[in-house]
Amino acid sequence: MILGLVGSARVWGNSEIVVREALLGAQEEGAKIEMLRLTDLSIEPCNGCLRCAIREEPCPLDDDMEWFLAQVEGADALILAAPTYLFGPAAITKLLLDRLLMLTPRFGEEQIRAGAAIAVSGRRDWRGVTQPFLNGLVMGLGFRLVDSLYVHRPGPGEVLLDDEVMARIHKLGRRVARGKKGELPEGNICPRCYGDFFVLEGGEATCPLCGLEAAIELVDGQVRLSFDLRVEPLPWSYAWQKEHVEEWIRPTLPRFLAHRKEIKARRKRYRAMGEVWIEVPS
Ligand SMILES: Cc1cc2nc3c(=O)[nH]c(=O)nc-3n(C[C@H](O)[C@H](O)[C@H](O)COP(=O)(O)O)c2cc1C
């Protein structure tokens, strides 16, 4: 079964249409399909307790997250589309992304299931950083990214007016069903996670989502990024996530505990501030 995730509350909005079109393509390849509207889920913000990552305990938050992860676990492939709100992914997608450390006890076999993301925005020049985050959600949920697209249309369902884009989305769906990675879009795109924003530092460009580095070249007056594809392990693979949890997150606990008394002592300076919190009416 191929699961289509829609990150917009707008019924018959562009995100819903593009997921439907991609799933039509997948159906032509013989796939069974299902859809889930992410805004129907009740998802709490991560409270940062790190119980899941450090102790491999269940998340203490009582919401639809476990149910959502079970739906995703039951899928053979994934197609996600969500709108851009204020230069970034609509909040529900970030809420889900923030909770993915819950998968720590479940890191299993490497991602073989295919996934794709479609970032929807009203204006191309206001597309912001939605696409890399959606790509991160697809990969973080345990899928190998085989395609990723932008769609720029403001009105609900307006994407239907663009035959070329719709044909491309249909192709994305077929590609996901076949599990075949497509050719990279033109331009400076991270070949690992399809992101198009980079941190420029020390003569190099780094993809902030997967850490892949690229040399910056100027060819015929155009900036060209030349990527070093030898970086191991594969970013966003379970091995990569596991390494981050085991070698970075977990050692933060004993380090913090060793300094706890000192931190507490240094906190005393704020007592003089008195009561500062404004009470929120419930
Ligand atoms: C609250 C809000 C914020 C938005 N912010 C942006 C933005 O920063 N950049 C942009 O290009 N489009 C922005 N849009 C436009 C939507 O991304 C666009 O209408 C998209 O097609 C919506 O997808 P949907 O039909 O699936 O809901 C915004 C729309 C809303 C409602």
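Under my numbering, the first residue of the sequence shown carries the number 890, and numbering increases by one thereafter. Yeah, the Cβ is synthetic: ideal placement off N, Cα and C, and Gly gets one too. These numbers were taken from a predicted model, which means no experiment stands behind them.
Residue i versus residue j - alpha carbon distance
i	j	result
Ala970	Glu905	7 Å
Glu910	Met1055	7 Å
Arg1172	Ala1154	In the structure as shown, the chain begins at 890 and stops at 1171. Residue 1172 is therefore absent and cannot be evaluated.
Asn1077	Arg1139	35 Å
Arg1149	Ile1167	27 Å
Val1108	Asn1024	28 Å
Asp951	Asn936	12 Å
Leu990	Cys1082	19 Å
Glu1132	Asp1052	44 Å
Gly1044	Ile943	44 Å
Pro978	Val900	18 Å
Glu1090	Glu1164	42 Å
Pro1021	Leu1098	7 Å
Gln916	Glu923	11 Å
Leu892	Ala964	6 Å
Val1009	Arg1113	25 Å
Asn903	Arg1012	13 Å
Cys948	Cys1096	30 Å
Tyr960	Leu894	At residue 960 the sequence reads Gln, which differs from the Tyr that was named. Each residue's Cα considered, the two are about 11 Å apart.
Glu1151	Ser1171	35 Å
Phe1145	Tyr1159	20 Å
Glu1136	Leu1050	49 Å
Ala898	Arg1016	19 Å
Asp1014	Ala1094	21 Å
Val1169	Lys1157	25 Å
Asp929	Ala1147	43 Å
Val1088	Cys938	29 Å
Residue nearest to residue i in terms of C-alpha spacing, selected from the options
i	options	result
Gly914	His1059, Pro1074, Pro1124, Asp1085	His1059
Gly1084	Glu1090, Gly1100, Gly1091, Glu1093	Gly1100
Pro1074	Tyr1039, Val1065, Asn1024, Glu1047	Tyr1039
Arg1057	Ser931, Leu892, Gly1163, Val908	Val908
Asp953	Glu933, Leu939, Glu945, Cys941	Glu933
Gly957	Ser931, Pro949, Ala980, Cys938	It is worth fixing the name first, because residue 957 is Phe in this sequence and not Gly. Nearest C-alpha to Phe957: Ser931.
Trp1129	Arg988, Ala898, Gly1029, Leu894	Gly1029
Gly896	Arg1113, Trp1015, Ala980, Leu1050	Ala980
Glu962	Ala1094, Gly1031, Glu1106, Lys1069	Gly1031
Glu1092	Glu955, Ser1115, Ala898	Correcting the residue identity first, residue 1092 is Gly in this sequence and not Glu. Among Glu955, Ser1115, Ala898, the Cα nearest to that of Gly1092 belongs to Ser1115.
Pro1176	Leu1050, Glu1106, Leu1123	Not covered by the structure: residue 1176. The range shown for the chain is 890 to 1171.
For residue j and residue i, believed in contact at Cβ under 8 Å, the rounded distance
i	j	result
Thr982	Leu925	Actually they do not touch by this definition, with Cβ atoms about 13 Å apart.
Val1065	Ala966	5 Å
Val1134	Thr993	5 Å
Arg1002	Arg1042	No, Arg1002 and Arg1042 are not in contact; Cβ-Cβ is about 29 Å, not under 8 Å.
Cβ-based neighbour list, residue i, same chain, cut-off 8 Å, excluding 5 preceding and 5 following
i	result
Leu1061	Ala911, Gly914, Ile968, Ala1005, Ile1007, Asp1036, Leu1038, Gly1071
Asp1117	Leu1101, Glu1102, Ala1103, Ala1104
Lys921	Met890, Ile891
Same chain, Cβ closer than 7 Å to residue i, five either side skipped, listed in chain order
i	result
Arg1067	Glu918
Leu1026	Leu969, Thr982, Leu985, Leu986
Val1018	Phe976, Gly977, Phe1086
Leu1142	Ile943
Lys1069	Val1035
Phe996	Tyr1127, Gln1130, Lys1131
Glu1106	Arg1113, Ser1115
Cut-off 6 Å between Cβ atoms - residues of its own chain near residue i, not counting five sequence neighbours on either side
i	result
Gly1046	Trp901, Ile906
Glu946	Arg940
Gly1110	none
Arg988	Cys935, Met954
Could I get the ranges of all uninterrupted alpha helix (DSSP H) runs contained in the segment 925–1010, with 4 residues as the minimum, in chain order?
-> 954–962, 980–987
Can you list the alpha helix (DSSP H) stretches of 4 or more residues lying completely in the segment 1117–1154, in chain order?
-> 1127–1133
Mind listing, in chain order, the continuous alpha helix (DSSP H) runs of no fewer than 4 residues lying wholly within the segment 1010–1061?
-> 1019–1029
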